[in-house]
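Heads up, the first sequence is in the working numbering, so the first residue is 3 and it goes up one at a time. Data block below; observations after.
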Amino acid sequence: MIANNPNRPDPRLLFDPAEARLEPPPRAFFRRDTELVARALVGMHIARRFRGRWYGARIVETEAYLGVADRAAHSWGGRRTERVAPMWADGGRLYVFLVYGMHHCANVVTRREGVPEAVLLRAAEGPPGGAAPPRLLSGPGKLCAALGITTADSGLDLLGGGPVTVLRGRGRRPRLGVSPRIGVDYAAEAKDWRLRFFDTESSAVSKAPSRRGGA
DNA sequence: TTCAAGATTTCCT
DNA sequence: GGAAATCTTGAAA
């Protein structure tokens, strides 16, 4: 028996995808333009299976990373190391990395094999009616911690019945805010690109929109 | 082999 | 508002 399994999702995120009427989108959804996918992911759900049960959260904030031409992206300049290998795969896979030696960050890979672009999942909120505190997943590191996602999950296919998936319902689209990305000041011209998208009505967004930001 | 720096969070003043 | 925590990755030597 493992008392403190780091991969264990927060029990307050327990939910039933079937009851919530959520389903995974087709592969073609992820193969589209990365900024479009980043926008579309806001309002969708990230879910993880652990010991036969599902845990999930509604995505409220994302960032697009545009591959070889984007100095903020790990694949900038064509970098193709073991860590970033999942970014080079076909759309619909998971890319997870460790930052600052302690926080995991989850990304959804977009485009086709050979085009290394992805969308960072920056924040989410627990299931409606659940007991999750409003800011349990209000940041990329916190999101991974709450769902128990680690680098061991990097490269997983989000489609095809694996333990991590992305789901969408039929609710209305959230009102989107736009701003430059967070924490990429080192990225020269790319630091000002407005590739961060968030649900303006959610209190789980990781950081208030920058003063000059907004739609 | 060595070393600087990071797609963050939390706690301190 | 500022800094510490903490370690893997990537690039240089």
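The beta carbon of each residue, even a glycine, is placed where N, CA and C say it ideally should be. Note that the coordinates shown come from a computational prediction; the quantities given were computed from them, not determined experimentally.
Query                                                                                                                                    : Result
Coarse secondary structure for tryptophan 195, derived from DSSP in three states                                                         : coil
Of the residues Leu38, Tyr97 and Arg177, the one placed nearest valine 86, counting alpha carbons only                                   : Tyr97
Contacts around alanine 206, its chain only, beta-carbon distance under 7 Å, and the 5 residues preceding and following it disregarded   : Val62, Ala125, Ala126, Glu127, Pro136, Arg137, Leu139 and Ser140
Assumed close pair glycine 164, histidine 106 - CB separation to whole angstroms, cut-off 8 Å                                            : So it is not a contact: roughly 17 Å between Cβ atoms.
Entirely enclosed alpha helix (DSSP H) segments - the segment 78-164, minimum 4 residues                                                 : 142-149
Pair within 8 Å by beta-carbon distance, aspartate 201 and proline 182                                                                   : no
C-alpha distance - arginine 177 paired with glycine 79, whole-angstrom precision                                                         : 34 Å
Of the listed residues Asp12, Asp187 and Pro88, nearest to alanine 49 (C-alpha basis)                                                    : Asp12
Where the beta strand (DSSP E) containing valine 62 begins and where it ends                                                             : 55-67
As assigned by DSSP and simplified to three states, the class of arginine 14                                                             : helix
Alpha-carbon to alpha-carbon, alanine 108 and cysteine 146                                                                               : 7 Å
Contacts around glutamate 115, its chain only, beta-carbon distance under 8 Å, and the 5 residues preceding and following it disregarded : Trp90, Ala91 and Asp92
Reference alanine 190; option with closest CA among Val101, Arg73 and Thr152                                                             : Arg73
Local conformation of arginine 50 per DSSP, three classes                                                                                : strand
Rounded distance between the beta-carbons of leucine 123 and threonine 2, thought under 8 Å                                              : The structure shown does not extend to residue 2, since the chain spans only 3 to 217, so no value can be given for it.
Proximity to arginine 41 [Cα-Cα], best of Gly103, Val121 and Thr83                                                                       : Val121
Valine 39: first and last residue of the uninterrupted alpha helix (DSSP H) it sits in                                                   : 36-43
Which of helix, strand or coil DSSP assigns to arginine 170                                                                              : strand
Simplified DSSP assignment, three categories, for valine 180                                                                             : strand
CA-to-CA distance, glycine 131 to threonine 153, given in whole angstroms                                                                : 30 Å
Buried or exposed by the 16-neighbour rule on C-beta atoms within 10 Å, applied to proline 28                                            : exposed
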